[in-house]
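There are 2 protein chains.
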Amino acid sequence: MIPATGAPVVILVEPQLAENIGMTARAMANFGLSELRLVAPRNGWPKKGVREAASGATHVLDGATVHATLPEAIADLTCLLATTARERGQMKRVLLPDAAMAETAGRIAQGEKVGVMFGRERVGLTNDEVSLADAIVTFPVTDEFPSLNLAQAVLLVGYEWRRAAGLARPRFTGETRALPATREALLALFSSLEETLAGAGFYPPEKRAIIARNMRDMLHRMNLTEQDVRTFRGALRALERRSRRPPPEAV
Amino acid sequence: MIPATGAPVVILVEPQLAENIGMTARAMANFGLSELRLVAPRNGWPKKGVREAASGATHVLDGATVHATLPEAIADLTCLLATTARERGQMKRVLLPDAAMAETAGRIAQGEKVGVMFGRERVGLTNDEVSLADAIVTFPVTDEFPSLNLAQAVLLVGYEWRRAAGLARPRFTGETRALPATREALLALFSSLEETLAGAGFYPPEKRAIIARNMRDMLHRMNLTEQDVRTFRGALRALERRSRRPPPEAV
Numbered sequence: 014m015i016p017a018t019g020a021p022v023v024i025l026v027e028p029q030l031a032e033n034i035g036m037t038a039r040a041m042a043n044f045g046l047s048e049l050r051l052v053a054p055r056n057g058w059p060k061k062g063v064r065e066a067a068s069g070a071t072h073v074l075d076g077a078t079v080h081a082t083l084p085e086a087i088a089d090l091t092c093l094l095a096t097t098a099r100e101r102g103q104m105k106r107v108l109l110p111d112a113a114m115a116e117t118a119g120r121i122a123q124g125e126k127v128g129v130m131f132g133r134e135r136v137g138l139t140n141d142e143v144s145l146a147d148a149i150v151t152f153p154v155t156d157e158f159p160s161l162n163l164a165q166a167v168l169l170v171g172y173e174w175r176r177a178a179g180l181a182r183p184r185f186t187g188e189t190r191a192l193p194a195t196r197e198a199l200l201a202l203f204s205s206l207e208e209t210l211a212g213a214g215f216y217p218p219e220k221r222a223i224i225a226r227n228m229r230d231m232l233h234r235m236n237l238t239e240q241d242v243r244t245f246r247g248a249l250r251a252l253e254r255r256s257r258r259p260p261p262e263a264v
Numbered sequence: 014m015i016p017a018t019g020a021p022v023v024i025l026v027e028p029q030l031a032e033n034i035g036m037t038a039r040a041m042a043n044f045g046l047s048e049l050r051l052v053a054p055r056n057g058w059p060k061k062g063v064r065e066a067a068s069g070a071t072h073v074l075d076g077a078t079v080h081a082t083l084p085e086a087i088a089d090l091t092c093l094l095a096t097t098a099r100e101r102g103q104m105k106r107v108l109l110p111d112a113a114m115a116e117t118a119g120r121i122a123q124g125e126k127v128g129v130m131f132g133r134e135r136v137g138l139t140n141d142e143v144s145l146a147d148a149i150v151t152f153p154v155t156d157e158f159p160s161l162n163l164a165q166a167v168l169l170v171g172y173e174w175r176r177a178a179g180l181a182r183p184r185f186t187g188e189t190r191a192l193p194a195t196r197e198a199l200l201a202l203f204s205s206l207e208e209t210l211a212g213a214g215f216y217p218p219e220k221r222a223i224i225a226r227n228m229r230d231m232l233h234r235m236n237l238t239e240q241d242v243r244t245f246r247g248a249l250r251a252l253e254r255r256s257r258r259p260p261p262e263a264v
């Protein structure tokens, strides 16, 4: 669950709504983050409704620590990133989430402890809070619709963390479930198909070779397995049998 | 807003909740997607509350088309991707969002029209619906917490689309707002600092050279601009003046 090598810490500064904190916990759990720190949550903690909003990711809430100030929350970190949508007049590196998490993965591999800070639902982080960060992370949203909600911002960072940490793998695969058919089987299918079509008068005489090659092209693109070839040849045989049967009697 | 070269179409199959459809429209707008197709929305369309949930991205709702069946909704596409969390027993390529959007960007650049299909809130897509797709997209979530809500899934696909289309740029930068100081200014700062510290008796005699070099190291890491150097030298001068002033009289 938690990679033995560690993962970034998520820090929420003065979060207010139970739903947002709960959904943040859920978004963290989706991508394998588990260390959550809350700085001076507004209107108290714990909050009614936060466990429901976490949809099962209550372990993140149970392990969350609460801090009175940001300096206290970040004391043990060796690198702090600040998420912000607005320019802050500070000469600080601005990173997109992929670059930020690639760098974070490198730092964590070196034994560092990295935190990513998210601000208040309405107003984000203050300039002073941003000044405590090593670098800024911003999202590549459009100018027309730049706002993400808190859980979405955390989700994108968690997603990029998982990719950067080399943990992004499909939970299942489809394609490699069987080997392609041998060339012997495939060529036998080519012959089968071409004879059946020839017998059905499909080819204009001068075009047989060209059309046959185009069809082989299509069949190659299907990446047919042995089973596929059997299915295809069975279908051809069924069509051939039917074409040799007398037509049904008119009623 | 809409890249002239096009963008993938988002297709929701039998979506039910107004909030989910509205938030999907918002997530699309965040990352520059605008073409939404709804297949047989449950309990009617339009839905009460959907415009509010779209938080300003109503242009996506206004442009959304409604289709009675999936085949109708995908007729003009040349490639269809199906998002699914579960294995479907079909020999189909399974792609993570980044690979899926990289391929999609390539196809769109070649003039193709690509759609990404998202299923019902509770049960996703049926196997028959998945069978109409060229390939599957799945999210690199953890096994323990694999569920994303509809708008989150759309958000991740939109985010990866923007990256793949070469449109992911920070909306501002911080670092390059001024050039580094010239070496002349920097060396003058080194001298200033070293003389001030020497005058304050900071260096143990045999260690002056080593400590001075370590400090130059630190100063290099600061990537000081001309303004930074002036600020730093001003601070040094203020400290020097203060150290030469007589101490305040005891009261």
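Just so you know, the protein sequences line up as chains H and G, in that order.
Just so it is clear: in the first sequence, position 59 is 72 by this note's numbering, and no numbers are missing.
Just so it is clear: in the second sequence, position 133 is 146 by this note's numbering, and no numbers are missing.
All residues carry an ideal CB built from backbone N, CA and C; glycine is no exception.
Nearest to residue i (by Cα), restricted to the options the options
{"i": "H:Pro-159", "options": "G:Arg-196, G:Pro-159 and G:Arg-184", "result": "G:Arg-184"}
{"i": "G:Thr-82", "options": "G:Leu-30, G:Val-129 and G:Val-52", "result": "G:Val-52"}
{"i": "G:Asn-236", "options": "G:Gly-212, G:Val-63 and G:Thr-195", "result": "G:Thr-195"}
{"i": "G:Ala-88", "options": "G:Arg-99, G:Glu-125 and G:Val-73", "result": "G:Glu-125"}
{"i": "G:Arg-55", "options": "G:Cys-92, G:Arg-133 and G:Leu-108", "result": "G:Arg-133"}
{"i": "G:Asp-121", "options": "G:Arg-99, G:Ala-31 and G:Trp-174", "result": "The displayed chain sequence assigns Ile, not Asp, to residue 121 of chain G. The residue with the shortest Cα to Cα distance from G:Ile-121 is G:Trp-174."}
{"i": "G:Glu-207", "options": "G:Leu-93, G:Ala-178, G:Ile-34 and G:Arg-226", "result": "G:Arg-226"}
{"i": "G:Thr-155", "options": "H:Gly-179, H:Gln-165, H:Glu-116 and H:Leu-25", "result": "H:Gly-179"}
{"i": "H:Lys-61", "options": "H:Arg-50, H:Leu-74 and H:Leu-49", "result": "H:Leu-74"}
{"i": "G:Leu-249", "options": "G:Val-63, G:Met-130, G:Ser-205 and G:Ala-86", "result": "G:Ser-205"}
{"i": "H:Ala-38", "options": "H:Glu-142, H:Gly-102, H:Gly-69 and H:Ile-224", "result": "H:Gly-69"}
{"i": "G:Leu-46", "options": "G:Trp-58, G:Phe-215, G:Phe-245 and G:Leu-168", "result": "G:Leu-168"}
{"i": "G:Leu-161", "options": "H:Met-41, H:Ala-20 and H:Arg-135", "result": "H:Met-41"}
{"i": "G:Gly-19", "options": "G:Gly-171, G:Glu-157, G:Ala-148 and G:Gly-137", "result": "G:Gly-171"}
{"i": "H:Phe-152", "options": "H:Ile-224, H:Ala-211, H:Gly-57 and H:Met-114", "result": "H:Met-114"}
{"i": "H:Ser-93", "options": "H:Leu-145, H:Arg-243 and H:Gly-137", "result": "Just to set this straight, residue 93 of chain H is Leu in the shown sequence, not Ser. Of the listed residues, the one whose Cα sits closest to H:Leu-93 is H:Leu-145."}
{"i": "G:Leu-90", "options": "G:Thr-97, G:Ala-112, G:Thr-117 and G:Lys-105", "result": "G:Thr-117"}
{"i": "H:Asp-230", "options": "H:Leu-199, H:Arg-243 and H:Pro-218", "result": "H:Leu-199"}
{"i": "G:His-72", "options": "G:Ala-177, G:Asp-111, G:Asn-43 and G:Gly-212", "result": "G:Asn-43"}
{"i": "G:Ala-213", "options": "G:Asp-241, G:Thr-244 and G:Arg-255", "result": "G:Arg-255"}
{"i": "H:Trp-58", "options": "H:Met-36, H:Gln-29 and H:Pro-84", "result": "H:Gln-29"}
{"i": "G:Glu-100", "options": "G:Asn-140, G:Glu-197 and G:Pro-84", "result": "G:Asn-140"}
{"i": "H:Lys-105", "options": "H:Ala-112, H:Ala-148 and H:Met-228", "result": "H:Ala-148"}
{"i": "G:Val-242", "options": "G:Phe-215, G:Arg-221 and G:Glu-197", "result": "G:Glu-197"}
Residue i and residue j closer than 8 Å at C-beta
{"i": "H:Glu-239", "j": "H:Thr-209", "result": "no"}
{"i": "G:Ala-181", "j": "H:Leu-109", "result": "yes"}
{"i": "H:Ala-8", "j": "H:Val-150", "result": "Lying outside 14 to 264, the shown extent of chain H, residue 8 of chain H is not represented and no answer is given."}
{"i": "H:Gly-187", "j": "G:Val-107", "result": "yes"}
{"i": "H:Ala-77", "j": "H:Ala-31", "result": "no"}
{"i": "G:Val-63", "j": "G:Ile-34", "result": "yes"}
{"i": "G:Arg-135", "j": "G:Ala-86", "result": "no"}
{"i": "G:Val-26", "j": "G:Leu-138", "result": "yes"}
{"i": "H:Val-143", "j": "H:Thr-97", "result": "yes"}
{"i": "G:Ala-166", "j": "G:Phe-131", "result": "yes"}
{"i": "G:Phe-203", "j": "G:Leu-232", "result": "yes"}
Bridge partner(s) assigned by DSSP for residue i
{"i": "G:Ile-24", "result": "G:Arg-50 and G:Met-130"}
{"i": "H:Pro-193", "result": "H:Thr-238"}
### Message
Runs of 3 residues minimum, wholly inside the segment 68-115 of chain G: which ones carry the beta strand (DSSP E) assignment?
### Response
Complete beta strand (DSSP E) runs here, min 3: 78-80, 92-96 and 106-108.
### Query
Between the segment 29-59 of chain H and chain G, which residues of the former have a C-beta closer than 8 Å to a C-beta of the latter?
Arg-39, Ala-40, Ala-42, Asn-43, Phe-44 and Gly-45
### Query
What are the start and end residues of each continuous alpha helix (DSSP H) run of 4 or more residues lying completely inside the segment 107-180 of chain H, in chain order?
110-122, 140-144 and 163-177
### Query
Given a limit of 9 Å on CB to CB distance, which residues of the segment 105-139 of chain G reach chain H?
Lys-105, Arg-106, Val-107, Leu-108, Leu-109, Pro-110 and Asp-111
### Against chain H: residues of the segment 165-193 of chain G by CB proximity under 8 Å
Listed by position, the residues of the segment 165-193 of chain G near chain H (Cβ gap below 8 Å) are Gln-165, Leu-168, Leu-169, Tyr-172, Arg-175, Arg-176, Leu-180, Ala-181, Arg-182, Pro-183, Arg-184, Phe-185, Thr-186, Gly-187, Glu-188, Arg-190 and Ala-191.
### Query
In chain order, which continuous runs of the beta strand (DSSP E) of length 3 or greater are located wholly inside the segment 206-238 of chain H?
none
### Query
According to a CB-to-CB cut-off of less than 8 Å, which residues of the segment 64-77 of chain G neighbour chain H?
Cβ contacts with chain H: Ser-68, Gly-69 and Ala-70.
### Query
Any residues in the segment 147-158 of chain H with a beta carbon nearer than 7 Å to a beta carbon of chain G? Which ones, in chain order?
Ile-149, Thr-151, Pro-153, Val-154, Thr-155, Asp-156, Glu-157 and Phe-158
#### Entry: chain H contacts from the segment 207-229 of chain G (Cβ-Cβ distance under 8 Å)
Of all residues in the segment 207-229 of chain G, none has a C-beta nearer than 8 Å to a C-beta of chain H.
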